[in-house]
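To keep things clear, I will list the structure first and then write my remarks on it.
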Amino acid sequence: MLFGEPGVLMTFEENAEEIASDVASLGFDLPELVRSGKLAVDYVRVERAEIEETGEYDLEGLFVRLDYAIRTVGAKRVVLDTIESLFAGLKDDGILRSELRRLFRWLKDKGVTAVITGERGNGLLTKQGLEEYVSDAVILLDHRVHDQVSTRRLRVVKYRGSHHGTNEYPFLIDANGISVLPVSSMALAHSAPLERISAGLSGVDGMLGGKGFYRGSTVLVTGTAGTGKTSLAAHFLDAACRRGERCLCFLFEESPKQLIRNMRSIGVDLEPWIAAGLLQFHADRPSRYGLETHLVTMHQVVADFNPTITVIDPITNLMTVGTYMDVQAMLTRMIDHLKTLNITAMLTSLAPGQTDIERTETMISSLMDTWIVLANDEVAGHHRRGLHVLKSRGMSHSNERREFVLTDSGFTLLDADGLRESADLGGPRLHEGDVRHAGV
Amino acid sequence: MQVSRSAAAPAAAMYQLRLYVAGQTPKSILAFTNLKQICEDHLQGRYEIEVVDLMQNPQLAQGDQILALPTLVRRLPEPIKKIIGDLSNTDRVLVGLDLRERR
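Chains A and B, in that order, are what the protein sequence lines are.
Count along the first sequence starting at 1, add 749, and that's the number in my numbering.
Count along the second sequence starting at 1, add 354, and that's the number in my numbering.
Here's what the structure looks like:
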């Protein structure tokens, strides 16, 4: 309908009212389309108990109805929903088969595009084997449950006269209808902008050659529990919003309200940015659906909001819904997508213990342009927080490990001698060295 | 409606039949001939046949849920019955019209 081509919907399972109410939840207004003459709905009901078969017959009646409906609206597209239910209503399979074949031929001659739905049979693509002789294209929909999480997938099985993708693509059904997400091109051909953007903390910027991250780069922040990953991300978001950039934040752990409250405690108030429309949170439980679906959702949210900055906090929670390989593949695709759109991404990742963070994150980290490690060490009965830049491609970065504190005025890096170097809060103080004051 | 009569003696009820066809095909002519014969043999004087040609009135197909052709619809007595095919099997037609017990 979006293409302005009128259509006919012939349904064999649900009547017109049922189907109208069902697809209303997907954002289609069937009654309106019918009123405006763009759509004809014909409900075909076959009740075996009512029908006695005697002698030769054909399905000319179906043809007549379809022809009438097509002519009424000048249809270019026809949908036959579960035409196979005819096989339950009529006894003579032989007649049905030859008539259906004639029907498909007839639809083709009419020059209409027809979509025929059918249920999948045992070992066959459709219960009655219709696809074998009628269709130019076959699309297989599948609903698979893996580790208690289900994902809908779509695969083009055949498409005559075209080069079609042979992969399975996850798809999503929501209020906007169905969205399909192709696996992103794995070609490495991202542009490489030279623009640098602030991390939101002059101290961190200082460690990154004094200028912060490259735009469009991907930043990984790892650390054990309670090392301040989310706080660092909040500063990054806050600074970006101050610059007037649109920021999108995916939360897989905290709700937006919790995050806002918690970040207020370190002096970062994100709420005004939400009100200003610069910041959007998208919180989801990882287990709500499969990784593929998460990916589709994230793509969709990114497309809707069109951000220049994206934060995912934390990616490690996704591990609960997939194997390590799956998560890595999904993140690769997500990062790939963000890079293609030149979106700067910050991903936080919870390191499982105090040891070997570098090993556990190796697979994902190879995708990252900048990797910041936060740690919490016990020194003489006190926890001391430390930050270092493990890598940052394409820039000279500090190899120093800096101590920092989390106070009610923010995330503050300390000088080597333990003095507070800079505080980034309030006011548009974005450049390194704007404010330096000593003493705690 | 002849409710009381048809309930008491279904065989004596008035039969209102409608035969759906699409054009003058051999099958539709055969179906009509067969129907006429059966009615004359079993329902003499208490039937009426209406022939609907869907080629001329395609919009009528939806109302009676016509799919296969030819279709004979018994509109009265109720319930509505449908018999599809060229009606060449007289026994089946009689069963379909409730004029003979199903065996």
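Glycine included, each C-beta is placed from N, C-alpha and C at the ideal position.
**OP:** For I438/B, return the contacting residues in chain A, with the cut-off set at a CB-CB distance below 7 Å.
**Re:** Residue 438/B sits at position 84 when you count from the first residue of the second sequence. Chain A residues near I438/B: I800, E802, Y806.
Original post:
Taking buried to mean at least 16 other C-beta atoms within 10 Å of its own C-beta, is M1074/A buried or exposed?
Top reply: Against the first sequence, residue 1074/A aligns to sequence position 325. Burial call: exposed.
Subject >> Of the residues R429/B, Y374/B, V427/B, the one placed nearest Q410/B, counting alpha carbons only >> reply: Position 56 of the second sequence, counting from 1, holds the residue named residue 410/B. Comparing C-alpha distances from Q410/B to each of R429/B, Y374/B, V427/B shows the shortest one belongs to Y374/B.
Original post:
Taking Cβ-Cβ distances shorter than 7 Å, what residues in chain A pair up with T425/B?
Top reply: Residue 425/B sits at position 71 when you count from the first residue of the second sequence. Against T425/B, the close residues of chain A are G810, in the order they occur along the chain (beta-carbon pairs closer than 7 Å).
**OP:** Give a yes or no on whether the C-beta atoms belonging to S1014/A and I1064/A are separated by under 9 Å.
**Re:** Residue numbering aside, residue 1014/A sits at position 265 when the first sequence is read from its first letter. Residue numbering aside, residue 1064/A sits at position 315 when the first sequence is read from its first letter. Taking 9 Å as the cut-off, the Cβ atoms of S1014/A and I1064/A do not count as close.
Subject >> A789/A versus L775/A, G955/A, A824/A, residue with shortest Cα-Cα distance >> reply: What you label residue 789/A is simply residue 40 of the first sequence in a count that begins at 1. Here the closest residue by C-alpha is A824/A.
Original post:
Among D816/A, K907/A, E833/A, P1056/A, which has the Cα closest to the Cα of R826/A?
Top reply: Locating residue 826/A in the first sequence gives position 77, counting from the first residue. Of the listed residues, the one whose Cα sits closest to R826/A is D816/A.
Subject >> CA-to-CA distance, V757/A to Y792/A, given in whole angstroms >> reply: Your numbering for residue 792/A matches position 43 in the first sequence. Your numbering for residue 757/A matches position 8 in the first sequence. So the two alpha carbons sit approximately 11 Å from each other.
Original post:
Less than 9 Å separating the beta-carbons of G1159/A and G1016/A?
Top reply: Taking the first residue of the first sequence as position 1, residue 1159/A is located at position 410. Taking the first residue of the first sequence as position 1, residue 1016/A is located at position 267. In terms of Cβ geometry, G1159/A and G1016/A form a close pair [threshold 9 Å].
Original post:
Which of the three DSSP states, helix, strand or coil, is assigned to G810/A?
Top reply: If you number the first sequence from 1, residue 810/A lands on position 61. Correct three-state label for G810/A: helix.
Original post:
Where does R794/A land, buried or exposed, given buried means 16+ other C-beta within 10 angstroms?
Top reply: Position 45 of the first sequence, counted from the start, is the residue given in the question as residue 794/A. When all chains shown are included, R794/A counts as exposed.
Original post:
Residues of chain B with a CB under 9 Å from the CB of L779/A: which are they?
Top reply: Taking the first residue of the first sequence as position 1, residue 779/A is located at position 30. The premise fails here: L779/A is roughly 17 Å from chain B at the closest Cβ pair, so nothing lies under 9 Å.
Original post:
Under 9 Å between C-beta atoms, does E763/A make it to chain B?
Top reply: Taking the first residue of the first sequence as 1, we reach residue 763/A at position 14. Output row for E763/A: interface = no.
**OP:** Name, in chain order, the residues that DSSP records as bridge partners for R372/B.
**Re:** The residue labelled residue 372/B in the question sits at position 18 within the second sequence. Looking at the DSSP assignment, R372/B forms a beta bridge with E404/B, V427/B.
Subject >> First through last residue of the alpha helix (DSSP H) which encompasses D778/A >> reply: Within the first sequence, residue 778/A is the residue found at index 29, counting from 1. Annotation for D778/A: no alpha helix (DSSP H) segment contains it, and DSSP assigns it neither H nor E.
**OP:** Could you name the residues of the same chain whose beta carbon sits closer than 8 Å to that of G1135/A, not counting the 5 residues immediately before and after it, in chain order?
**Re:** Against the first sequence, residue 1135/A aligns to sequence position 386. Correct list, in chain order: L1123, A1124, N1125, D1126, R1150, R1151, E1152, F1153.
**OP:** Inspect the beta-carbon positions of L1090/A and V1060/A and report whether they are closer than 9 Å.
**Re:** Position 341 of the first sequence, counted from the start, is the residue given in the question as residue 1090/A. Position 311 of the first sequence, counted from the start, is the residue given in the question as residue 1060/A. Between L1090/A and V1060/A, the C-beta spacing is not below 9 Å.
Subject >> Distance CB(G377/B)-CB(D418/B) smaller than 9 Å >> reply: Locating residue 377/B in the second sequence gives position 23, counting from the first residue. Locating residue 418/B in the second sequence gives position 64, counting from the first residue. Contact flag unset, no.
**OP:** Specify the secondary structure class of D1033/A as computed by DSSP and reduced to three states.
**Re:** Mapped onto the first sequence, residue 1033/A falls at position 284. When secondary structure is reduced to three states using DSSP, D1033/A falls in the coil class, being assigned neither helix nor strand.
Original post:
According to the Cβ coordinates, are E809/A and L423/B closer than 9 Å?
Top reply: Translated into the one-based positions of the first sequence, residue 809/A becomes position 60. Translated into the one-based positions of the second sequence, residue 423/B becomes position 69. Cβ distance < 9 Å, so E809/A and L423/B count as in contact.
Original post:
Leaving out the 5 sequence neighbours to the left and right, which residues in its chain are closer than 7 Å to V405/B when beta-carbon positions are compared?
Top reply: In the second sequence, residue 405/B corresponds to position 51, counting from 1. Excluding sequence positions up to five before and after V405/B, its CB lies within less than 7 Å of the CB of L373, V375, F386, all in the same chain and listed in chain order.
**OP:** Tell me whether the beta-carbon of D885/A lies closer than 9 Å to the beta-carbon of Y908/A.
**Re:** Here the question's residue 885/A lines up with position 136 in the first sequence. Here the question's residue 908/A lines up with position 159 in the first sequence. Their beta carbons are under 9 Å apart, which means D885/A touches Y908/A by this criterion.
Subject >> Proximal chain A residues relative to P431/B, where beta-carbon distance stays under 7 Å >> reply: As a first step, residue 431/B must be located in the second sequence, where it is residue number 77. Residues of chain A passing the Cβ test: none, with the nearest at roughly 14 Å.
**OP:** Quick one: residues in its chain with C-beta nearer than 6 Å to the C-beta of I768/A, no 5 flanking neighbours on either side, listed in chain order?
**Re:** Position 19 of the first sequence, counted from the first residue, corresponds to residue 768/A. Hits under 6 Å: T760.
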